[in-house]
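K.L.:
Numbering (this note's numbering), first residue to last: 7 to 458.
Glycine is no exception: its CB is placed at the ideal position from the N, C-alpha and C atoms.
In this text, all values refer to a predicted model and were calculated from it rather than measured experimentally.
Got a structure for you, written out below as structure tokens; questions coming shortly.
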Amino acid sequence: MEPVLRAIAAGREAALEELKAFLRIPSVSGDPARRGEVRRAAAWVAEFLRGLGCRVEVLETPGHPIVYGEWTGAPGRPTLLTYGHYDVQPEDPVERWTSPPFEPAIREGAIYARGAADDKGQVFIHLKAAEACLRAERRLPVNLKFLIEGEEEVGSPNLEPFVAAEVDRLKADAVAISDTAMLAKGVPALCVGLRGIVYCQVDLQGPATDLHSGIFGGSVANPANVLCRLLARLTDEQGRVAIPGFYDDVRPLAPAERDAFAALPFDEAVYREALGVPALDGEIGFTTLERRWARPTFEVNGLHAGFTGVGSKTVLPARAMAKVSMRLVPDQDPDKLVEAFEAALRRLCPPSVSLTVTRMHGSRPWLMPTDHPAVQAAARALERGFGRRPVFIREGGSIPIVTTLTERLGAPILLLGFGLPDENAHAPDERLDLDNFYRGILTIAYLYRELT
Ligand code: BES
Ligand code: ZN
């Protein structure tokens with residue numbers, strides 16, 4: 007391992023320059039205008055993998071390409087499949103960034119850019135670990151397969167059918183994913199559960215055109231008023247979701263799981279302070295970690311209606327729109343919940359507006375056992391990389407493909423997250439801690455060894 011460690015240490019500066027080049031590509035998968043940029047990011051990953059000596063294919067889909075690469079020079083040894091995504095979330099509100107989102111900048115021991123933590127920086131950790139091992143030793147202790155997609159941030163619509171159709175090609179003894187976070191700085195974590203999600207757009211149409219709110223107000227429904235009323239009725243004072251049937255399939259937390267969460271080094275006061283909120287909030291009867299990791303939620307992600315410019319304008323808007331999501335826990339089903347959601351809205355919606363619910367994406371919740379030998383191997387690798395035994399955590403976010411990978415490949419999924427909870431994924435000033443970046447590379451190099 008010594009030569010590998012030397013190669014990693016010697017390559018630190020160069021690694022940052024390469025990562026910057028990757029982060030400069032604005033691969034926003036949800037923005038049709040960025041289609042070419044998303045392709046450029048795919049090509050960048052493919053090129054890097056080719057440089058490692060991998061057999062690489064850039065697979066076209068109706069959406070963004072899937073990059074697949076493999077290095078099979080260790081016959082008889084285990085195979086590790088690494089999954090990640092090269093697409094990123096939109097950068098807006100762009101004016102809230104300290105430095106431009108696609109001009110990576112290094113400050114205070116971190117690299118700032120959209121995608122630094124989620125997920126280009128973390129994908130790059132795996133690329134650099136493979137590179138260091140290959141440079142130092144000309145071979146790897148395991149076979150590697152890389153599956154790097156460009157549609158994770160829009161729900162992985164084309165990866166699902168790809169995985170289903172290519173089970174043989176993707177066969178592996180374990181799957182490694184770095185797209186989550188550590189529990190805190192200095193506290194490495196293995197994530198064993200993710201929430202699912204279902205995302206919808208709600209449109210209300212009132213009059214054919216915007217109207218003067220004085221002349222017409224009071225005589226026709228105002229879609230903005232109606233939308234607020236509808237959405238407000240979907241959660242209650244107890245912090246519970248008021249959609250009939252919403253909790254029907256929720257698996258209660260076992261007392262042992264509640265105890266394990268409570269034993270983690272997590273301080274609610276520090277958390278509250280870091281977020282800058284006057285008080286924490288959520289479903290009564292549950293702790294903050296339980297609320298984030300093991301309870302379902304309903305969230306309004308965005309609202310749009312009427313006049314939102316400077317000054318005032320008296321207007322009764324013709325339309326109102328909301329983007330909403332529900333985070334799901336075992337054993338809730340996205341399809342069932344979209345139906346329950348739409349049914350609840352239709353029951354509440356007055357006849358004076360017309361309602362459209364459009365489902366955008368959905369993915370199921372995921373939970374895995376911690377006693378698999380590969381999970382223990384990952385724990386040892388994290389301990390070597392970070393000098394501290396990892397804790398087992400869940401996350402509240404979603405990675406749509408994990409349930410499909412679990413079911414189709416039957417392999418254990420190792421979520422080794424190198425981000426930090428306060429690194430602003432999906433928000434302005436997203437960053438990745440550089441110390442975690444280097445330790446991540448070490449950890450993955452150790453993981454190859456621990457898996458054999
Ligand atoms: N990296 C995140 C998922 C994540 C974030 C897991 C933090 C755990 C902690 C991923 O890129 C992501 O943002 N996923 C989306 C999925 C959705 C768009 C289908 C999410 O969770 O909102
Ligand atoms: Zn993300």
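Could you have a look at E109 and say whether DSSP puts it in helix, strand or coil?
P.N.:
To locate residue 109, count along the sequence shown from 1; it is residue 103. Coil, per DSSP.
K.L.:
Can you tell me which residues form a DSSP beta bridge with N231?
P.N.:
Counted from its first residue, the sequence shown places residue 231 at position 225. Partner(s): none; N231 has no beta bridge.
K.L.:
In or out: H218 buried (at least 16 other Cβ within 10 Å) or exposed?
P.N.:
Counting from one through the sequence shown, the residue named residue 218 turns up at place 212. That one is exposed.
K.L.:
Between H432 and the ligand GDP, is there a pair consisting of the residue's CB and a ligand heavy atom that are separated by less than 7 Å?
P.N.:
As far as ligands go, the structure on display features the ligand BES and the ligand ZN and does not contain the ligand GDP.
K.L.:
Any heavy atom of the ligand ZN closer than 7 Å to the beta-carbon of E159?
P.N.:
As a working note, residue 159 is residue 153 in the sequence shown. Yes; taking the cut-off as 7 Å, the Cβ of E159 has a heavy atom of the ligand ZN nearer than that.
K.L.:
Could you tell me which residues DSSP pairs with H310 in its beta bridges?
P.N.:
As a first step, residue 310 must be located in the sequence shown, where it is residue number 304. Per DSSP, M327.
K.L.:
Find the nearest neighbour of I405 within the set E155, L309 and I14, judged by alpha-carbon distance.
P.N.:
In the sequence shown, residue 405 corresponds to position 399, counting from 1. Of the candidates E155, L309 and I14, the one whose C-alpha sits nearest the C-alpha of I405 is E155.
K.L.:
Could you give the C-beta distance for A187 and P427, rounded to a whole number, given that I count them as a contact under 8 Å?
P.N.:
Taking the first residue of the sequence shown as 1, we reach residue 187 at position 181. Taking the first residue of the sequence shown as 1, we reach residue 427 at position 421. Sure, about 5 Å apart at Cβ, within 8 Å.
K.L.:
Alpha carbon to alpha carbon, how far is L411 from R18? Give it in angstroms, no decimals.
P.N.:
For the purposes of this step, residue 18 is taken as residue 12 along the sequence shown, with counting starting at 1. For the purposes of this step, residue 411 is taken as residue 405 along the sequence shown, with counting starting at 1. For R18 and L411, the distance between alpha carbons rounds to 32 Å.
K.L.:
Please list the terminal residues of the continuous beta strand (DSSP E) segment that includes A180.
P.N.:
Looking up residue 180 in the sequence shown gives position 174. Taken as a continuous stretch (DSSP letters only), the beta strand (DSSP E) holding A180 covers A180 to I183.
K.L.:
For Q244, count neighbouring Cβ atoms within 10 angstroms of its own Cβ and tell me buried if that reaches 16, exposed if not.
P.N.:
As a first step, residue 244 is located in the sequence shown; it is residue number 238 there, counting from the start. Exposed, since its Cβ has fewer than 16 Cβ neighbours within 10 Å.
K.L.:
Confirm, please, whether the CB-CB distance from P229 to A311 is below 8 Å.
P.N.:
Taking the sequence shown and counting its residues from 1, one reaches residue 311 at position 305. Taking the sequence shown and counting its residues from 1, one reaches residue 229 at position 223. Yes, the Cβ-Cβ distance between A311 and P229 is below 8 Å.
K.L.:
Along the alpha helix (DSSP H) that carries N442, what are the first and last residues, could you check?
P.N.:
Residue mapping note: residue 442 aligns to position 436 of the sequence shown, counting from 1. Note, N442: alpha helix (DSSP H), L440 to E456.
K.L.:
Under a three-way DSSP split, which group does F304 fall into?
P.N.:
Sequence index remark: in the sequence shown, residue 304 carries index 298 (1-based). Of the three classes helix, strand and coil, the one that applies to F304 here is strand, per DSSP.
K.L.:
Span of the beta strand (DSSP E) holding K490?
P.N.:
There is no way to answer for residue 490, as the model of the chain reaches only from 7 to 458.
K.L.:
Can you find a CB in chain C that lies within less than 8 Å of the CB of E143?
P.N.:
You won't find chain C in this structure, because it holds only one protein chain.
K.L.:
Using the beta-carbon count (16 or more within 10 Å), is G115 buried or exposed?
P.N.:
The count along the sequence shown starts at 1 and reaches residue 115 at position 109. Exposed.
K.L.:
Is I405 near the ligand BES, going by C-beta to nearest heavy atom under 7 Å?
P.N.:
For the purposes of this step, residue 405 is identified with residue 399 of the sequence shown, where counting begins at 1. Yes - the ligand BES has a heavy atom lying nearer than 7 Å to the Cβ of I405.
K.L.:
Where does Y253 sit, in a helix, a strand or coil, going by DSSP?
P.N.:
Position 247 of the sequence shown holds residue 253. Of the three classes helix, strand and coil, the one that applies to Y253 here is coil, per DSSP.
K.L.:
Taking the alpha helix (DSSP H) that F54 falls in, what are its first and last residues?
P.N.:
Taking the first residue of the sequence shown as 1, we reach residue 54 at position 48. Note, F54: alpha helix (DSSP H), R41 to G57.
K.L.:
Between R201 and G423, how many whole angstroms is the CB-CB distance? I'm expecting something under 8 Å.
P.N.:
Indexing the sequence shown from 1 puts residue 201 at position 195. Indexing the sequence shown from 1 puts residue 423 at position 417. With a Cβ gap of about 15 Å, R201 and G423 do not count as contacting.
K.L.:
I'd like to confirm something about Q382: is its beta-carbon nearer than 7 Å to some heavy atom of the ligand ZN, or not?
P.N.:
For the purposes of this step, residue 382 is identified with residue 376 of the sequence shown, where counting begins at 1. Checking the Cβ of Q382 against the ligand ZN gives no.
K.L.:
Just to confirm, is the Cβ distance from A122 to L415 under 8 Å?
P.N.:
Stepping through the sequence shown from its first residue, residue 122 is reached at position 116. Stepping through the sequence shown from its first residue, residue 415 is reached at position 409. Going by C-beta atoms, A122 is not nearer than 8 Å to L415.
K.L.:
Beta-carbon separation of L205 and G368 under 8 Å?
P.N.:
Residue mapping note: residue 205 aligns to position 199 of the sequence shown, counting from 1. Residue mapping note: residue 368 aligns to position 362 of the sequence shown, counting from 1. Sequence check: residue 205 is Tyr here, not Leu. A contact, by the Cβ cut-off of 8 Å.
K.L.:
Between D6 and D185, how many whole angstroms is the CB-CB distance? I'm expecting something under 8 Å.
P.N.:
No answer is possible for residue 6: the residues shown for the chain start at 7 and end at 458.
K.L.:
Could you give the distance in angstroms between the alpha-carbon of A171 and the alpha-carbon of L165?
P.N.:
Taking the sequence shown and counting its residues from 1, the one referred to as residue 171 is at position 165. Taking the sequence shown and counting its residues from 1, the one referred to as residue 165 is at position 159. Roughly 10 Å between the two C-alpha positions.
K.L.:
By Cβ distance, which residues of its chain are closer than 6 Å to A13, with the 5 residues on each side in sequence left out?
P.N.:
Numbered from its first residue, the sequence shown carries residue 13 at position 7. Cβ within range, chain order: A138, R141 and A142.
K.L.:
Hey, how far is the Cα of I117 from the Cα of R395?
P.N.:
Residue numbering aside, residue 117 sits at position 111 when the sequence shown is read from its first letter. Residue numbering aside, residue 395 sits at position 389 when the sequence shown is read from its first letter. In a straight line, the C-alpha of I117 is about 26 Å away from that of R395.
K.L.:
Where are the alpha helix (DSSP H) runs, 4 residues long or more, that stay fully inside the stretch 369-417, in chain order?
P.N.:
If we require 4 residues or more, the alpha helix (DSSP H) runs fully inside the stretch 369-417 come out as 379-392 and 407-415.
K.L.:
By Cβ distance, which residues of its chain are closer than 6 Å to A280, with the 5 residues on each side in sequence left out?
P.N.:
If you number the sequence shown from 1, residue 280 lands on position 274. Only D428 meet the Cβ criterion.
K.L.:
What did DSSP end up calling V148 once you bin it into helix, strand or coil?
P.N.:
In the sequence shown, residue 148 corresponds to position 142, counting from 1. DSSP places V148 in coil when its eight states are reduced to three.
K.L.:
Which complete alpha helix (DSSP H) runs does the stretch 7-44 hold, if anything under 4 residues is left out?
P.N.:
Counting whole runs of 4 or more residues, the stretch 7-44 contains the alpha helix (DSSP H) stretches 8-16 and 18-29.
K.L.:
Which whole-angstrom value describes the C-beta separation of A328 and L240, a residue pair presumed to lie in contact below a C-beta threshold of 8 Å?
P.N.:
Start at 1 with the first residue of the sequence shown, and residue 328 comes out as number 322. Start at 1 with the first residue of the sequence shown, and residue 240 comes out as number 234. Contact flag wrong, Cβ pair sits at about 10 Å.
K.L.:
May I ask you to report which of helix, strand or coil DSSP gives Y277?
P.N.:
Walking along the sequence shown from the start, residue 277 turns up at place 271. The answer is helix: DSSP assigns Y277 an H, G or I state.
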